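A short worksheet on the structure shown next.
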Amino acid sequence: MGGGNEPRYIVVEGPVGVGKTSLARALVAELQGRAVLEQVDDNPFLKRFYQDPAKYAFSTQVFFLLSRYRQQQELAQLDLFRQSTVADYLFAKDAIFAQVTLGPDELQLYQQMYRMLDAGLPRPDLVVYLEARPEVLLERIRKRGRDYEKGLSATYIERIAEAFRHYFHYYNESPLLVVNCSEIDFVERGGDYTDLISEIRAMRQGVQHYIPLGST
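In short: position in the sequence shown from 1, add 82, done, that's my numbering.
The following block contains the structure:
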């Protein structure tokens with residue numbers, strides 16, 4: 083990359099296991115930019131959430147909400163025109179997960195907190211939304227072998243994937259590139275990565291879909 087009209091603040095988003103952080107790191111290297119990566123392993127409630135979702139969902143969500151808010155506040159202080167910035171999450175992802183993990187009363191309280199915090203945060207110049215079939219996500223989660231993810235069920239992954247699809251179906255805050263990743267591996271196959279970078283470079287306004295040959 084390197085053109086003057088290219089986005090300065092790019093967000094890579096998608097359900098668990100789709101490859102967000104891998105792509106974000108690659109884009110940082112491509113842009114010679116800075117990375118803003120979600121601090122998943124710092125959440126002390128996450129492992130307990132996977133063991134007992136009903137008990138620890140609210141604590142897990144609130145910790146993520148406040149942690150990411152602090153990161154976004156720091157981002158708001160930076161000169162986003164001086165150096166490209168790539169994040170592997172959209173602040174709204176917390177609200178997407180909350181829709182799946184929280185009960186009605188907790189969700190209502192959480193949404194009040196979320197709206198207050200979200201109001202003043204910077205909006206990305208481009209969102210790259212990665213999606214894949216639930217069975218592909220589950221296989222990639224198992225392949226990376228994180229202990230606390232071993233108990234994730236196919237049903238949970240399907241619900242998360244559907245929540246992301248629903249959210250991005252209506253998303254209109256930034257230009258949006260939707261990438262079907264079911265049949266590509268931009269981590270292990272260089273050609274897939276090169277093609278994806280070309281799509282990102284060509285992205286301008288509105289919503290565009292990138293469906294590589296063979297994806298369904």
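Every residue, glycine too, gets a C-beta built ideally from N, C-alpha and C.
All values reported here derive from a predicted model rather than from experimental measurement.
Under three-state DSSP, which class holds residue i?
i      : result
Ala201 : coil
Ala169 : strand
Ile266 : coil
Glu231 : helix
Glu112 : helix
Gln190 : helix
Asp277 : helix
Gly84  : The predicted position of Gly84 is uncertain, since its pLDDT is 44 and thus under 50; no value can be drawn from it.
Considering just the uninterrupted stretch of the alpha helix (DSSP H) at residue i, what are its terminal residues?
i      : result
Val122 : Val122 -> no alpha helix (DSSP H), and no H or E assigned at all.
Glu240 : 236 to 251
Ile178 : 175 to 183
Glu255 : Premise fails: Glu255 is in no alpha helix (DSSP H) and is neither H nor E.
From what residue to what residue does the beta strand (DSSP E) around residue i run?
i      : result
Tyr138 : Segment 135 to 158 is the alpha helix (DSSP H) holding Tyr138; no beta strand (DSSP E) there.
Val98  : Where Val98 is concerned, there is no enclosing beta strand (DSSP E), given that its DSSP letter is neither H nor E.
Gln287 : Premise fails: Gln287 is in no beta strand (DSSP E) and is neither H nor E.
State yes or no: is the C-beta of residue i nearer than 6 Å to some heavy atom of the ligand SAM?
i      : result
Val168 : Questions concerning the ligand SAM fall outside what the structure shown contains, since it holds no ligand whatsoever.
Rounding to the nearest angstrom, what Cα-Cα distance links residue i and residue j in this structure?
i      : j      : result
Tyr196 : Leu184 : 14 Å
Glu112 : Ser256 : 21 Å
Cys263 : Gln190 : 33 Å
Gln287 : Leu258 : 8 Å
Val210 : Thr142 : 25 Å
Ser297 : Glu265 : Because Ser297 carries a pLDDT of 48, less than 50, the predicted location of this residue cannot be relied on, and the following value inherits that uncertainty. Roughly 5 Å separates the two Cα atoms.
Arg224 : Leu212 : 18 Å
Phe173 : Val218 : 25 Å
Gly99  : Arg90  : 25 Å
His291 : Met198 : 32 Å
Leu203 : Gln194 : 16 Å
Arg164 : Arg116 : 11 Å
Phe146 : Asp277 : 33 Å
Tyr302 : Ile178 : No answer is possible for residue 302: the residues shown for the chain start at 83 and end at 298.
Ala108 : Gln114 : 10 Å
Leu128 : Arg150 : 15 Å
Gly233 : Phe140 : 19 Å
What do you get for residue i, buried or exposed, if any count of 16 or more other CB atoms within 10 angstroms of its CB means buried?
i      : result
Ile293 : exposed
Ala158 : exposed
Ala236 : exposed
Leu148 : exposed
Tyr252 : exposed
Ser166 : buried
Glu221 : exposed
DSSP has residue i in a bridge; who is on the other side?
i      : result
Glu213 : Asn262
Tyr91  : Thr167
Leu208 : Ile92
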